[in-house]
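Undergrad:
Chains as they are written, first to last, in the working numbering: chain A, 106 to 571; chain B, 1065 to 1134.
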């Protein structure tokens, strides 16, 4: 199959598959070849799952030929962050050298749901070791090497879903699944010029996903468009008895025309403080676009230590989740030098302070909901900077070297957000715009993001030579 | 004792705990990194403690009583 299918959104690929103009097997072969040929250039891939992909693609082709079309992901190739368990001898490494040969005998619920939707698993994608929860300070923090940005190969693709970001941005898969505890979907989406959706906590089952922080971890898609993110979310959302944090709320993606409505956007006071000039300028231009879609007003959150709340919860739960690895000293086998000792400091978090953070989290969630209730979305830069260079230190709210109120509140309160590209900054690297909504309002923020993408063309631009 | 002195004293106490537990596997350079991380943890804990809550302010947590059904 010609490579003109590369950088084609899922929705259009699906139309071709349904009309039988596009063969799922040929489509899988195209992306498998790209994963094998180009994946190493970006340190994007841990395992190409060729055998499983071809089997799934052949099944899809046969079903569609027999008139059993399952929906828009039927026959669509994808990649999964390598923290999702996969059976059949496919390793699940968590990006960490101590686990590089480890296999599970079951599939994560998200993998099963995508299989049920007819999607074709083509690769397990690289990630920052242990999803970045050990305190890494620079991009070289995975046994597969630093995630390389397709827009500039001397820059990072973002963490911790680094392979999910670079694989979609390089046209190695049409969409990917990532995970976010604090920033790990929105960051690679922003760094790589993609759409990335962080669902509401409890929307998507985490069964079979590596636990970094039980009360913060979420799974979500990275794709070429916000619309594609909605298609994927519908496939992976839903209650799962194996994950008691999932809720019994059916999710149907509403792809209705966004032009049919006017949006009410809020911007937190001072939200661009500390942002790079290009990020601030592109955000200002984005607000001009949003003014054509509705209203924009300045809002404020009450004064609470948002970053400290979410950081304390993350550090304490991560220290417990990886207790064996830390206590045994096996963290000495991790790639980033700082990941080999920083976790020991987590013993300094007192139980009373962790509980205080959980109590303040309730206050934070109520405060955020009060601000968001009259709005369709809070909007903000997706990240304060463009992607870091591969040899540079990464500024991180998790470590306290950058502030990220939107990330602290959004993740701490479990709120959905979607990031989309909104321009370029230094070194030809993308910048992004995020829409964050009330709990369970994925359809609202996706409608807003679609409306923005209907009025701009940043999502139609792709790295050269690909 | 000033706030700064209180923070420093707390950091030293907690660093001593970490050193007692893991010191044998940490170099001086790594211990310096641990100290920096503990300083950030202590500062965060002070920020959390500075916010007053009432007795009725419960943690956000999903615990539910469990009973296996036949």
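Cβ atoms here follow ideal geometry from the backbone N, Cα and C, with glycine treated the same way.
Keep in mind that this is a model prediction, so the values were computed, not measured.
(1) Please determine, among A:191, A:253, A:541 and A:298, the residue with the shortest C-alpha to C-alpha distance to residue 148 of chain A.
(2) Taking 8 angstroms as the cut-off, decide whether the C-beta atoms of residue 341 of chain A and residue 218 of chain A are in contact.
(3) Taking only three categories from DSSP, how would you classify residue 348 of chain A?
(4) Between residue 301 of chain A and residue 518 of chain A, how many whole angstroms is the CB-CB distance? I'm expecting something under 8 angstroms.
(5) Considering Cα atoms alone, identify which of A:183, A:320 and A:142 is closest to residue 1127 of chain B.
(6) Inspect the CB distances between the segment 237-250 of chain A and the segment 197-206 of chain A and report whether three or more fall short of 8 angstroms.
(7) Does the beta carbon of residue 1133 of chain B sit closer than 8 angstroms to a beta carbon anywhere in chain A?
(8) Could you check what DSSP says for residue 183 of chain A in three-state terms: helix, strand or coil?
(9) How do the segment 415-425 of chain A and the segment 451-468 of chain A stand: do at least 3 beta-carbon pairs fall below 8 angstroms, yes or no?
(10) So is residue 546 of chain A buried or exposed if we call it buried at 16+ other beta carbons inside 10 Å?
(11) Taking residue 341 of chain A as part of the alpha helix (DSSP H), name the residues at either end of that continuous run.
(12) Of all the CB atoms in chain B, is at least one closer than 8 angstroms to the CB of residue 155 of chain A?
(13) Please return the same chain residues whose Cβ sits closer than 8 angstroms to the Cβ of residue 234 of chain A, not counting the five positions on each side in sequence.
(14) With DSSP as the reference, identify every bridge partner of residue 573 of chain A, one or two as the case may be.
(15) Let me know if residue 1065 of chain B comes out buried or exposed under the rule of 16 or more other beta-carbons within 10 Å of its beta-carbon.
(16) Between the alpha carbons of residue 564 of chain A and residue 274 of chain A, how many angstroms are there, rounded?
(17) Where DSSP assigns a beta bridge to residue 400 of chain A, which residues make up the other side?
(18) Using only alpha-carbon positions, find the residue among A:289, A:296, A:411 and A:138 that is nearest to residue 236 of chain A.
(19) At a cut-off of 7 angstroms, is residue 287 of chain A close to the ligand GTP when judged by its beta-carbon and the heavy atoms of the ligand?
(20) Which partner residues does residue 159 of chain A have in the DSSP bridge list?
(21) Applying a beta-carbon distance threshold of less than 7 angstroms, which residues of chain A neighbour residue 1097 of chain B?
(22) Find the residues of chain A that neighbour residue 1122 of chain B, judging by a C-beta separation of less than 8 angstroms, and give them in chain order.
(23) Within 8 angstroms of any Cβ in chain B, is that where the Cβ of residue 450 of chain A sits?
(24) Which same chain residues, not among the five before or five after residue 406 of chain A, have their C-beta less than 8 angstroms away from its C-beta?
(25) Report yes or no: is there a C-beta of chain A within less than 8 angstroms of the C-beta of residue 1115 of chain B?
(26) Between A:555, A:126, A:528 and A:447, which has its C-alpha nearest residue 487 of chain A's C-alpha?
(27) Which same chain residues, not among the five before or five after residue 305 of chain A, have their C-beta less than 7 angstroms away from its C-beta?
(28) Cutting at 7 angstroms between CB atoms, please list the residues of its own chain near residue 194 of chain A, excluding the five before and the five after it.
TA: From the atom records:
(1) Here residue 148 of chain A is taken as the residue at index 43 of the first chain, counted from 1. Looking only at A:191, A:253, A:541 and A:298, the smallest Cα-Cα distance to residue 148 of chain A is reached by A:253.
(2) For the purposes of this step, residue 341 of chain A is taken as residue 236 along the first chain, with counting starting at 1. For the purposes of this step, residue 218 of chain A is taken as residue 113 along the first chain, with counting starting at 1. Remark: C-beta atoms of residue 341 of chain A and residue 218 of chain A approach each other more closely than 8 angstroms.
(3) By 1-based counting over the first chain, the position of residue 348 of chain A is 243. Three-state DSSP puts residue 348 of chain A in a strand.
(4) Position 196 of the first chain, counted from the first residue, corresponds to residue 301 of chain A. Position 413 of the first chain, counted from the first residue, corresponds to residue 518 of chain A. The beta carbons of residue 301 of chain A and residue 518 of chain A sit about 18 angstroms from each other, so the pair does not count as a contact at 8 angstroms.
(5) To locate residue 1127 of chain B, count along the second chain from 1; it is residue 63. Of A:183, A:320 and A:142, the smallest CA-CA separation from residue 1127 of chain B is found for A:320.
(6) By the C-beta criterion, the segment 237-250 of chain A is judged to be in contact with the segment 197-206 of chain A, since at least 3 inter-stretch pairs fall below 8 angstroms.
(7) One-based indexing of the second chain puts residue 1133 of chain B at position 69. Using beta-carbon distances, residue 1133 of chain B does not count as an interface residue toward chain A, since no partner is under 8 angstroms.
(8) Sequence index remark: in the first chain, residue 183 of chain A carries index 78 (1-based). Shown here, residue 183 of chain A sits in a strand according to DSSP, grouped into three states.
(9) By the Cβ test, the segment 415-425 of chain A is in contact with the segment 451-468 of chain A, since at least three Cβ pairs between them sit closer than 8 angstroms.
(10) Counted from its first residue, the first chain places residue 546 of chain A at position 441. By the neighbour-count rule (16 or more Cβ atoms within 10 Å), residue 546 of chain A is buried.
(11) Counting from 1 along the first chain, the entry for residue 341 of chain A is found at position 236. From DSSP, the alpha helix (DSSP H) with residue 341 of chain A extends over 331-341.
(12) By 1-based counting over the first chain, the position of residue 155 of chain A is 50. The beta carbon of residue 155 of chain A does not come within 8 angstroms of any beta carbon belonging to chain B, so the residue lies off that interface.
(13) Sequence index remark: in the first chain, residue 234 of chain A carries index 129 (1-based). Cβ neighbours of residue 234 of chain A within its own chain (closer than 8 angstroms, five residues either side excluded): 199, 200, 201, 202, 241, 246, 247, 248, 439, 440, 441 and 444.
(14) Here chain A comprises residues numbered 106 to 571, so residue 573 of chain A is not present and cannot be evaluated.
(15) Counted from its first residue, the second chain places residue 1065 of chain B at position 1. Counting every other CB atom within 10 Å of its CB across the protein chains shown gives residue 1065 of chain B a total below 16, marking it as exposed.
(16) Working through the first chain from its first residue, we reach residue 564 of chain A at position 459. Working through the first chain from its first residue, we reach residue 274 of chain A at position 169. Whole-angstrom Cα-Cα distance: 10 angstroms.
(17) Start at 1 with the first residue of the first chain, and residue 400 of chain A comes out as number 295. A:369, per the DSSP bridge assignment.
(18) Position 131 of the first chain holds residue 236 of chain A. With respect to the C-alpha of residue 236 of chain A, the residue from A:289, A:296, A:411 and A:138 having the closest C-alpha is A:289.
(19) Summarising the ligand content, the structure contains no ligands, and the ligand GTP is consequently not present.
(20) Within the first chain, residue 159 of chain A is the residue found at index 54, counting from 1. Residue 159 of chain A pairs with nothing; no bridge assigned.
(21) Within the second chain, residue 1097 of chain B is the residue found at index 33, counting from 1. The contacting residues are 443, 446 and 447.
(22) For the purposes of this step, residue 1122 of chain B is identified with residue 58 of the second chain, where counting begins at 1. In chain order: 464 and 467.
(23) The residue given as residue 450 of chain A occupies position 345 in the first chain. So yes, residue 450 of chain A belongs to the interface.
(24) Position 301 of the first chain, counted from the first residue, corresponds to residue 406 of chain A. Excluding sequence positions up to five before and after residue 406 of chain A, its CB lies within less than 8 angstroms of the CB of 373, 472, 473, 476, 510 and 514, all in the same chain and listed in chain order.
(25) Walking along the second chain from the start, residue 1115 of chain B turns up at place 51. By this cut-off, residue 1115 of chain B is an interface position.
(26) Within the first chain, residue 487 of chain A is the residue found at index 382, counting from 1. In terms of Cα proximity to residue 487 of chain A, the closest of A:555, A:126, A:528 and A:447 is A:528.
(27) Working through the first chain from its first residue, we reach residue 305 of chain A at position 200. Excluding positions up to five away in sequence, the list reads 519, 520, 521, 544, 545 and 547.
(28) If you number the first chain from 1, residue 194 of chain A lands on position 89. Taken in chain order, the residues that qualify are 208.
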